Amino acid sequence: MKTPTIQQLAAISQRNNFILTAIPGSGKTFVVGKRIHDLHSTETILPYQGIATLSFTNNASRETEDTYYLTSGKRIKYPDFVGTIDSFLNQFIVTPYAHLVMGDRTKPPTIVSSNDFLYKKYPQMNKYARAYTPLDVTYRVDGSITHSSSGFEESMKQMMHKNNLLSLGDISYYAMKILETTDIASLLIKRFPYIMIDEAQDCSDVQMKIIDILVGTGHENIMLIGDPFQSIYVWRNARPELFIDKVNNWNSLSLDISQRSGNAICQLLNRFHQCEEYIKPCNSVQDCRVAVMSTENLDEVNSTVRNFFEKCEEMEINVSRENVGILCGSNFLVSSFSGIKESNMYNLWKADIASCCSLPIRAKSKFFKADYTGAMNLLVNYFYYQVNHSLPKNNDELERSGLLLIDRKVLIWNCLNKIPNFEVDLDTWIFQANNVISETAGLLGIEIKYPLIKKRFRNGEEPSGVMTSWLVERNESTYKIASKMTVETIHQAKGKSYDAVLVPFVARSQKVNINKLINALSCKNLFRDNTSEDERCIYVAFSRPKKLLMISVPKDEHLSLFDGSAQVKPEELDTVSTSFSKSLAL
78 MKTPTIQQLA AISQRNNFIL TAIPGSGKTF VVGKRIHDLH STETILPYQG IATLSFTNNA
138 SRETEDTYYL TSGKRIKYPD FVGTIDSFLN QFIVTPYAHL VMGDRTKPPT IVSSNDFLYK
198 KYPQMNKYAR AYTPLDVTYR VDGSITHSSS GFEESMKQMM HKNNLLSLGD ISYYAMKILE
258 TTDIASLLIK RFPYIMIDEA QDCSDVQMKI IDILVGTGHE NIMLIGDPFQ SIYVWRNARP
318 ELFIDKVNNW NSLSLDISQR SGNAICQLLN RFHQCEEYIK PCNSVQDCRV AVMSTENLDE
378 VNSTVRNFFE KCEEMEINVS RENVGILCGS NFLVSSFSGI KESNMYNLWK ADIASCCSLP
438 IRAKSKFFKA DYTGAMNLLV NYFYYQVNHS LPKNNDELER SGLLLIDRKV LIWNCLNKIP
498 NFEVDLDTWI FQANNVISET AGLLGIEIKY PLIKKRFRNG EEPSGVMTSW LVERNESTYK
558 IASKMTVETI HQAKGKSYDA VLVPFVARSQ KVNINKLINA LSCKNLFRDN TSEDERCIYV
618 AFSRPKKLLM ISVPKDEHLS LFDGSAQVKP EELDTVSTSF SKSLAL
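Using our numbering, read the sequence shown as starting at 78 and increasing by one per residue.
#1: Near Lys495, what residues of its chain come up, given a Cβ to Cβ distance below 6 Å and the 5 sequence neighbours on each side ignored?
#2: Have a look at Pro647 and Leu345 and give me their C-alpha separation to the nearest angstrom.
#3: In this structure, does DSSP put Phe169 in helix, strand or coil?
#4: For the putative contact between Ile394 and Asp576, defined by C-beta atoms under 8 Å, what is the C-beta separation to the nearest angstrom?
#5: Look up Lys357 in the DSSP assignment and give the residues it is bridged to.
#6: Given a threshold of 16 other Cβ atoms within 10 Å of its Cβ, counted over all protein chains shown, does Leu480 qualify as buried or as exposed?
#7: Go ahead and pull the three-state DSSP assignment for Asp181.
#8: Would you mind sorting Tyr155 into buried or exposed? The rule is 16 or more other CB atoms within 10 Å of its CB.
#9: Based on the DSSP secondary-structure assignment, which residues constitute the bridge partners of Ser329?
#10: Identify whether Phe414 lies in helix, strand or coil by the three-state DSSP scheme.
#11: Which word fits Cys280, buried or exposed, when buried means at least 16 other C-beta atoms lie within 10 angstroms of its C-beta?
#12: Does the segment 167–181 touch the segment 195–205, meaning 3 or more C-beta pairs lie closer than 8 Å?
#13: Do Thr187 and Asn241 have their beta-carbon atoms positioned less than 8 Å apart in this structure?
#14: Tell me which residues share the same chain as Val469 and place their Cβ nearer than 8 Å to its Cβ, disregarding the 5 neighbours each side in the sequence.
#15: Check for me: the beta strand (DSSP E) holding Tyr271 runs from which residue to which?
#16: Can you tell me the Cα-Cα spacing of Asp181 and Lys239, whole angstroms?
#17: Keeping to the same chain, check which residues put their C-beta closer than 6 Å to that of Ala208; ignore five residues upstream and five downstream.
#18: Have a look at Ile248 and Met237 and give me their C-alpha separation to the nearest angstrom.
#19: Jot down the residue ranges of each uninterrupted beta strand (DSSP E) in the segment 388–413, minimum 3 residues, whole runs only, in chain order.
#20: With a threshold of 8 Å between beta-carbons, can Thr608 be considered close to chain C, or not?
#21: Look at the Cβ atom of Met300, then the Cβ atom of Leu131, and state whether they are nearer than 8 Å.
#22: Which residues in the same chain as Cys614 place their Cβ atom closer than 6 Å to its Cβ, once the five residues preceding and following it in sequence are excluded?
#23: Considering just the uninterrupted stretch of the alpha helix (DSSP H) at Ala129, what are its terminal residues?
#24: Taking just the CA atoms, how far does Gly293 sit from Gly451?
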């Protein structure tokens with residue numbers, strides 16, 4: 078069994094309201110799991126009371142549960158709670174008490190999880206879809222709304238309030254209003270005398286207000302865990318400065334020793350900070366390297382992926398999806414570095430049913446990229462649409478439809494496998510896909526009311542041709558290597574660890590670009606303005622690997638960012654610059 082460090086042990090045994098700041102890879106999840114066990118072992122917790130452990134993703138919650146099991150040999154069970162902050166607030170505050178503050182006091186609230194319903198009622202908001210969707214619109218702590226470009230957001234929120242409809246973002250606001258206007262906070266404190274909130278730097282102003290209400294009502298054991306330097310969700314209303322305020326006003330402990338990354342990586346991370354020893358390295362990682370290569374005059378994608386693969390093999394790092402990741406600053410780069418590029422799959426279909434007809438082709442595309450869960454979700458939604466003439470608002474509606482029963486999911490999985498690949502022309506694909514879907518629908522007892530129908534352009538023409546030529550393109554040489562790795566956005570990699578990571582900087586036009594890296598290393602202030610969130614994304618990406626961090630830069634001149642740096646010793650920095658003429662064909 079793993080033994081806690083001195084810093085970890087201090088956090089595990091600490092009581093009362095306090096903050097734990099945790100640098101990347103410092104073992105905070107281990108601390109949380111161990112602390113749950115310690116609280117049950119040392120504190121008097123009544124039979125109806127529990128410990129609430131909250132985070133922002135289901136993956137983080139599952140990781141906490143697994144850590145607790147490895148620590149104690151037990152599973153977390155009632156009356157304890159482990160889950161997302163939204164699910165906690167919804168289960169214990171909003172669902173039972175929303176009638177006290179919402180428009181219709183005779184029925185419980187419904188969580189809307191599909192934008193389709195709201196777009197139908199407010200089609201004017203469609204033109205702002207690139208910037209935000211209707212479900213992104215929520216409330217600030219003062220009751221104002223977060224988006225207002227179309228002018229219809231206010232009336233949409235009024236309609237939702239009147240009909241007891243909530244987005245996930247609304248849950249926190251209505252929970253806050255309930256706690257402000259009732260005595261529910263006292264009941265919640267009795268039910269959960271110990272609360273831990275992980276990734277607390279991503280709390281919104283509303284969620285921080287809820288914490289303040291609980292403390293003001295008398296809660297004496299709230300633990301906030303986080304790292305403001307890893308706050309990359311400001312676009313989703315996170316307010317890291319509120320976490321920093323708590324650090325300055327609450328009792329505070331810190332974890333500043335990495336349990337993940339070796340010395341070379343930690344020294345590079347320290348260059349983002351004013352303090353040169355902000356992060357201390359993991360001593361058990363002996364062979365740790367930072368490698369940087371220039372892609373000037375190269376086939377930037379293929380050459381970079383190949384060099385990264387060779388560097389992993391040189392360091393005897395097993396190249397697999399679990400061990401090796403390519404972390405990108407945009408979905409465009411994910412497409413480039415995975416070797417798979419897609420066109421817009423909505424634009425093929427008859428306009429009034431495009432949201433339905435696009436589902437099978439999008440599902441097959443995800444299947445093509447080994448995202449089997451995402452593929453199944455899309456195809457299940459397609460069959461739901463056939464019965465209900467709309468997409469499901471939430472998972473509860475899918476549950477009630479019966480499509481999530483195991484025998485039906487098996488039939489849908491078989492359908493997904495049988496839907497043709499994209500090596501045929503579009504007309505053939507539609508014909509074959511409709512046949513497969515119709516066969517599955519018969520087994521499910523569903524009538525297909527919305528078969529796949531192409532759109533017709535104003536000039537009378539229709540989409541046509543071999544699909545691989547314009548729908549899904551695959552760079553076989555890149556795909557051959559990248560398919561062995563996880564290729565994802567930096568946001569998707571948050572909270573993960575890899576043995577080796579490649580972070581590509583290939584174009585100034587990308588949001589997370591080489592200029593942002595230059596600014597971050599020179600300014601050493603990741604909170605100075607609105608662009609700092611992109612720089613924190615780079616910091617998060619650089620902190621994921623244990624042994625190898627490879628960075629590709631677009632020009633040879635950018636190699637000087639790393640060469641000769643006092644923070645990264647020359648023998649630890651492996652600078653690779655390769656010419657296209659020497660690149661090897663796979």
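Just so it is clear, CB atoms sit at the ideal spot from N, CA and C, and this is done for glycine as well.
Remember, it's a predicted structure, so these values are computed and weren't measured experimentally.
Let's see:
#1: Val513
#2: Note that Pro647 has pLDDT 34, beneath the 50 cutoff, so the model's placement of it is unreliable and the number below is only indicative. Between Pro647 and Leu345, the C-alpha separation is close to 12 Å.
#3: helix
#4: 5 Å
#5: Ile334
#6: buried
#7: coil
#8: exposed
#9: Ile96
#10: helix
#11: buried
#12: no
#13: yes
#14: The displayed chain sequence assigns Pro, not Val, to residue 469. Result list for Pro469: Ser190, Ser191, Asn458, Tyr461, Leu475 and Ser478, in chain order.
#15: Tyr271 to Ile274
#16: 6 Å
#17: none
#18: 12 Å
#19: 401–405
#20: Protein chains in the displayed structure number just one, and chain C is not present.
#21: no
#22: Ile309, Ile567 and Val589
#23: Unbroken run through Ala129 is the beta strand (DSSP E), Ile128 to Ser132; no alpha helix (DSSP H).
#24: 42 Å
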